[in-house]
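Asks:
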Amino acid sequence: MKILLTGGGGFIGSHVVDLLLNEKHQVVVVDDFSSGKVENISKGAACYSINMNDTNLENVFLAENPDIVIHLAEQVSVTKSMDNPLSDCVQTINGTINLLECCIKYKVKKIIYSSSAAVYGKPTYVPIDENHVLAPKSFYGLSKLTGEAYVQLYSKLYNLNYTILRYANVYGPRQSNIGEAGVIRRFLDSFMLNQPLTVYGDGNQRRDFVYVKDVAEATLQAIHHGDYETFNISSNTTKSINDLIFLLSLFMDTKPEIIHLPEPLGDIRISCLSNEKANKLLHWQPKITLIEGIEETILSLQS
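For the sequence shown, the working numbering gives the first residue as 997, with consecutive numbering after it.
Following this line, the structure appears as structure tokens:
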């Protein structure tokens, strides 16, 4: 199959590209490289440097005629969304609509849309399943939820098959230190530079960390499974920021200085997603433990 992947030069996207090529798919990457890197993309993938809002996006569909679209190209920072909601809206929502229009016009068989745990907001119970109330506390979460709604409405109106994947806190090799989900990378950078670690709030916030290669596997599973469904992609466990720092300090064999700053607007105290539905319908479950994933991440940074 020919698969078009937006954001293929990015953190998650580049790992998805690797798996697609390993499975002998034809891969077309669309990325404006505002945050992704060309060097992240494995040889064998066609590559177009185009912004998601560019009208030239249609020319890629005309030239390549993809069977499947995997949409990963959106801004990833909660803080940036709070500072500039309009920019977040333009990048996330407008870009998604432009992509959906191309999917309909060029008869794409299925779109896989990457969403986020941020759509849930403050949980009323944990682990959060897909039926939990959707009440985002940030413009980032609102944009992701709006993107989901557009995908579902386009599906109803034009019979476009889809799978929506709500990622937990993804970490691993090639991650940028930009954005809240990049806390492991950010802390490791500080350790390696012998700099203080910045912690927002008291550090007791709990997060569901899932390794990027597991996330890439889940994304590939959605090509053939999970039609017209929404899934959490998570570890189904949590680790506090303070516990994470302790674990990293054992790996790095040093006790860091910690600077505490106020919690940012829109922050969530606990995020833990149930992956039971993905287990059953996507035939997916995470394989890499947090300790194994951190070890691989450190090795990738050292190399």
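Glycine included, C-beta positions come from ideal geometry on N, C-alpha and C.
Every value quoted in this text rests on a predicted model; they were computed, and no experiment measured them.
Note down, in chain order, each residue of its chain lying with its Cβ closer than 8 Å to the Cβ of residue 1212, except the 5 sequence neighbours on either side.
Replies: 1008, 1011, 1012, 1014 and 1015
Asks: Which of the three DSSP states, helix, strand or coil, is assigned to residue 1117?
Replies: Here residue 1117 sits in strand by DSSP.
Asks: Beta carbon of residue 1167, beta carbon of residue 1284: below 7 Å?
Replies: no
Asks: Using the Cα positions of residue 1214 and residue 1165, report the straight-line distance between them to the nearest angstrom.
Replies: 14 Å
Asks: With the cut-off set at 7 Å, would you say residue 1123 and residue 1200 are in Cβ contact?
Replies: no
Asks: Taking all protein chains shown into account, decide if residue 1186 is buried (16 or more other Cβ within 10 angstroms of its Cβ) or exposed.
Replies: buried
Asks: For residue 1003, tell me which candidate among 1024, 1020 and 1018 has the shortest Cα-Cα distance.
Replies: 1024
Asks: Pick from 1292, 1146 and 1064: whose alpha carbon is nearest that of residue 1180?
Replies: 1292
Asks: Give me the Cβ distance between residue 1374 and residue 1278, rounded to the nearest whole Å; I'm assuming they're in contact under 8 Å.
Replies: Any property of residue 1374 remains undetermined from this structure, which presents the chain solely from 997 to 1299.
Asks: Since I believe residue 1099 is in contact with residue 1065 (beta carbons under 8 Å), could you give me their beta-carbon distance rounded to a whole number of angstroms?
Replies: 6 Å
Asks: Kindly give me the distance between the Cβ atoms of residue 1204 and residue 1226, rounded to whole angstroms, as I take these residues to be in contact under 8 Å.
Replies: Not quite, the Cβ-Cβ distance comes to about 17 Å (not below 8 Å), so this is no contact.
Asks: Whose CA, out of 1076, 1136, 1018 and 1148, lies closest to the CA of residue 1223?
Replies: 1148
Asks: For residue 1101 and residue 1053, I'd like the C-alpha separation in whole angstroms.
Replies: 12 Å
Asks: Please determine if the region 1236-1256 and the region 1122-1139 are in contact, where contact requires at least 3 C-beta pairs separated by less than 8 Å.
Replies: No, the region 1236-1256 does not touch the region 1122-1139.
Asks: Let's see if you can read the secondary structure: which residues bound the beta strand (DSSP E) around residue 998?
Replies: Residues 998-1002.
Asks: Taking buried to mean at least 16 other C-beta atoms within 10 Å of its own C-beta, is residue 998 buried or exposed?
Replies: exposed
Asks: Measure the Cβ-Cβ separation of residue 1108 and residue 1218 and say whether it is below 7 Å.
Replies: yes
Asks: Suppose you measure from the CA of residue 1152 to the CA of residue 1146; what does that come to, to the nearest Å?
Replies: If you draw a straight line from the Cα of residue 1152 to the Cα of residue 1146, it comes to about 10 Å.
Asks: Would you call the region 1129-1143 and the region 1186-1195 in contact, with 3 or more CB pairs under 8 Å?
Replies: no
Asks: Between the Cα of residue 1005 and those of 1170, 1051, 1247 and 1055, spot the shortest distance and give me the residue it belongs to.
Replies: 1170
Asks: Keeping to the same chain, check which residues put their C-beta closer than 6 Å to that of residue 970; ignore five residues upstream and five downstream.
Replies: Lying before the first or after the last residue shown, residue 970 is absent from the chain, which here runs from 997 to 1299.
Asks: Let me check one thing: in DSSP terms, what residues is residue 1203 bridge-paired to?
Replies: Paired residues: 1235.
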